[in-house]
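For the sequence shown, this note's numbering begins at 28 and goes up steadily by one.
Cβ atoms here follow ideal geometry from the backbone N, Cα and C, with glycine treated the same way.
Values in this document were obtained by computation on a predicted structure and should not be read as measured data.
A short worksheet on the structure shown next.
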Amino acid sequence: MEVRQAIHSEHAKTLDTEGLRREFLIESIFAADEITMTYSHVDRIIVGGVMPVNTEVVLEADYGKKLGVSYFLERREIGFINVGGPSVITVDGESYEVAQEEALYVGMGAKDVSFKSVDKQNPAKLYYNCAPAHKTYPNKKVTLAEASPVTLGDAENCNERTINKYFVPDVLPTCQLLMGMTKLHQGSIWNTMPAHTHDRRMEVYFYFNMNDDAAVVHIMGEPQETRHLFVHNEQAVISPSWSIHSGVGTQSYTFIWGMTGENQEFTDMDHIAVPDLK
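This is the structure we're talking about:
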């Protein structure tokens, strides 16, 4: 488990490109037959991926020792969204078939969690966000058709996109975890522009469905003190509550967003007009 400390906005202003990438960019999400984990002190979120190829991958109880508990989900909830081939996730003896662009929420208290791919030639890629929890809610699979969609932006401004909200109160109850997947429409390359912050929540963006020679220029920082990161396929960016989180791609792409914090109001955002960005 890699640990990232929280970074103050004043400190972030002093970082060069290497420093920004070290603190905020997660460059490796998937590794064959492994569970990757990046623990951020920002709202205690854990971000990573599971990619079973040749064998079943198990969320071992030993992971809990790194959190000071007896097993990993003793005081946490977790959400998975599959961006690869068909998978089977087994939670305390109950199996869920989770196909590409389908999701599974697992509530606090689940002890035995394992993952396998249906076809090792087309392995599953299960991206996850994991947050502290105070109550157990039922495990639930969510398909793309069951997600709550909203379309924003327009083709004229190259930011037309559909936000598919998998884990939000309209779809299922969670303690604090919110997750969804945003698909850009044909010809659009901007996401979350005009930009916003939400002082009451942090957010992580995971970019995927990009060619090897493509990138997203992810814009971060305080609205009047912005910085950028070049983000490539299947990489993620941690966004503290003080930072905007927006991007423009050299080609088309998709991204998964996840949030934790004080509330679950999706529209709780502090919007910044484009002329006010610096």
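- Assignment of Asp89 by DSSP, reduced to helix, strand and coil, places it in the helix class.
- For Thr44, the enclosing alpha helix (DSSP H) covers residues 44 to 51.
- By the C-beta criterion, the region 137 to 148 is judged to be in contact with the region 94 to 108, since at least 3 inter-stretch pairs fall below 8 Å.
- With respect to the 9 Å criterion, Gln291 and Pro196 are classified as neighbours on the basis of their beta carbons.
- The closest CA to that of Thr294, considering only Thr224, Ile73, Val115, Thr209, is found on Thr224.
- With fewer than 16 other Cβ atoms inside 10 Å of its own Cβ, Asn184 counts as exposed.
- Residue nearest to Ala263 within the set Asp297, Thr41, Ile246, Ala182 is Ile246 (criterion: CA-CA distance).
- The alpha-carbon of Tyr123 is positioned some 31 Å away from that of Leu52.
- Beta-carbon to beta-carbon, Ala242 and Phe257 are separated by about 5 Å, close enough to satisfy the 8 Å threshold.
- When the Cα atoms are used, Thr65 and Glu29 turn out to be separated by approximately 5 Å.
- Counting every other CB atom within 10 Å of its CB across the protein chains shown gives His38 a total below 16, marking it as exposed.
- In the structure shown, Ala39 adopts helical secondary structure according to DSSP, grouped into three states.
- For Asn236, the closest alpha carbon among the candidates Trp217, Arg228, Arg254, Phe282 is that of Phe282.
- Counting other Cβ atoms within 10 Å of its Cβ, Lys192 reaches 16 or more and is therefore classed as buried.
- Assignment of beta-bridge partners to Tyr232 by DSSP yields Val264, Trp284.
- If you ignore the 5 residues before and after Glu289, its C-beta comes within less than 7 Å of the C-beta of Arg227, Arg228, all in its own chain and listed in chain order.
- Contact annotation, Val231 with Ser266: C-beta distance approximately 7 Å; criterion of less than 8 Å satisfied.
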